[in-house]
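First the structure, in the form of structure tokens, and then the observations on it.
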Amino acid sequence: MKLHIQKGSAVPIYHQIKEQLRQEIARGALKEGDMLPNEEVWARELGISRMTLRHALSQLVSEGVLERRRGRGTIVARAKTSISPFQYSLFSFTEMFSREGLTVGNRILEQRLVPVPAWVAPELKLEEGEQVVYIKNLRFLNNEPASLEHSYYPADRFHWLLQENLENRSLYNLLKERGDYPFEARDVLVLGVITSYESRLLKAPPRTPVLHGYRTAFDRNGVPMEYYHVIIRGDRYRLVARPQRL
Numbered sequence: 547m548k549l550h551i552q553k554g555s556a557v558p559i560y561h562q563i564k565e566q567l568r569q570e571i572a573r574g575a576l577k578e579g580d581m582l583p584n585e586e587v588w589a590r591e592l593g594i595s596r597m598t599l600r601h602a603l604s605q606l607v608s609e610g611v612l613e614r615r616r617g618r619g620t621i622v623a624r625a626k627t628s629i630s631p632f633q634y635s636l637f638s639f640t641e642m643f644s645r646e647g648l649t650v651g652n653r654i655l656e657q658r659l660v661p662v663p664a665w666v667a668p669e670l671k672l673e674e675g676e677q678v679v680y681i682k683n684l685r686f687l688n689n690e691p692a693s694l695e696h697s698y699y700p701a702d703r704f705h706w707l708l709q710e711n712l713e714n715r716s717l718y719n720l721l722k723e724r725g726d727y728p729f730e731a732r733d734v735l736v737l738g739v740i741t742s743y744e745s746r747l748l749k750a751p752p753r754t755p756v757l758h759g760y761r762t763a764f765d766r767n768g769v770p771m772e773y774y775h776v777i778i779r780g781d782r783y784r785l786v787a788r789p790q791r792l
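Position in the sequence shown (from 1) plus 546 gives the number in our numbering.
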């Protein structure tokens, strides 16, 4: 199994491994019950420490994506059944929570050009090595850290985002003003446990439950324009669905 590790990237190596494995499972290259390589051998092939690899695998085990079997090793877990209980519009984070009477704040941690990560490229239909605008944003609700967001936009289309001050305005409202607003999206929600890095930023205790949201947004022509990953504190916030009448 070929994984692409970008050692100079600001994205931690364990996270790169984790997201690429998730992508391999999503596209069917890894199926339920498939055995992953021996950790020691695999880490050596990837040129990383076994501890880093084990950290990535442990995260996926805690999310139910992988399973550890005594005497066998690590295998791909049974896929979770997909359900669609949520009805919502493509509101911005700011708009959505402002409607709930909460004060929303941003702290932009990174806003720069990067080579598209291996797990993001297929979602945006980009080739390896192409550039994306990467935005890392720490969100606050009522002055408390609530979520950490990673957003990726094709650089040839959204290079102008690098010049924008995103701390004081809604990114989605800005896209709407430019006439390049997402028309539809595919969202995936996964439960997980906070990492030490996320714990420091979100000021949350170790082992805090989190909700991972993954979004690929498309324009009116069905062209992918945004890949978005948000980590939300699960001990402070909850997602409520309003089902349609049958």
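Backbone N, C-alpha and C fix where the C-beta goes; we use that ideal spot for every residue, glycine too.
Annotation for L567: the continuous alpha helix (DSSP H) segment containing it runs I559 to A572. Uninterrupted beta strand (DSSP E) stretches at least 3 residues long and entirely within the region 678-710 occur at 690-700, given in chain order. Shortest Cα-Cα distance from R703 to any of N711, L672, N683 and A731 involves L672. Of the other Cβ atoms in all chains shown, 16 or more fall within 10 Å of the Cβ of L599; this residue is therefore buried.
For P668, the three-state secondary structure derived from DSSP is helix.
Cα atoms of T741 and H561: separation of roughly 10 angstroms, rounded to the nearest angstrom.
Closest in alpha carbon position to R746, among E730, L684 and L721, is L684.
A straight-line Cα-Cα distance of about 6 angstroms links L648 and N688.
As DSSP reads the structure, N767 sits in no beta bridge. Of the residues assessed, P691 falls on the buried side of the cut-off, its CB having 16 or more other CB atoms within 10 angstroms.
Distance from the CA of G610 to the CA of L603, rounded to the nearest whole angstrom, comes to 11 angstroms. Taking the Cβ atoms as the reference, E713 lies roughly 19 angstroms from I778, outside the contact range of under 8 angstroms. Under the rule that a run must span 3 or more residues, the beta strand (DSSP E) segments found entirely inside the region 713-772 read 730-739 and 755-764.
The beta carbon of D765 lies closer than 6 angstroms to those of F729 and M771 in the same chain, with the five residues before and after it left out. Straight-line measurement puts the Cα of E674 at about 15 angstroms from the Cα of Y773. Residue environment: H696 is assigned as buried (16 or more neighbouring CB atoms within 10 Å of its CB, all protein chains considered).
With fewer than 16 other beta carbons inside 10 angstroms of its own, P751 counts as exposed. By the neighbour-count definition (other C-beta atoms within 10 Å, threshold 16), A575 is an exposed residue. W706 and Q566 have their C-alpha atoms roughly 28 angstroms apart. By the 16-neighbour rule on beta-carbons within 10 angstroms, A763 is buried. For the pair R761 and D733, the CB atoms are nearer than the 8 angstroms cut-off.
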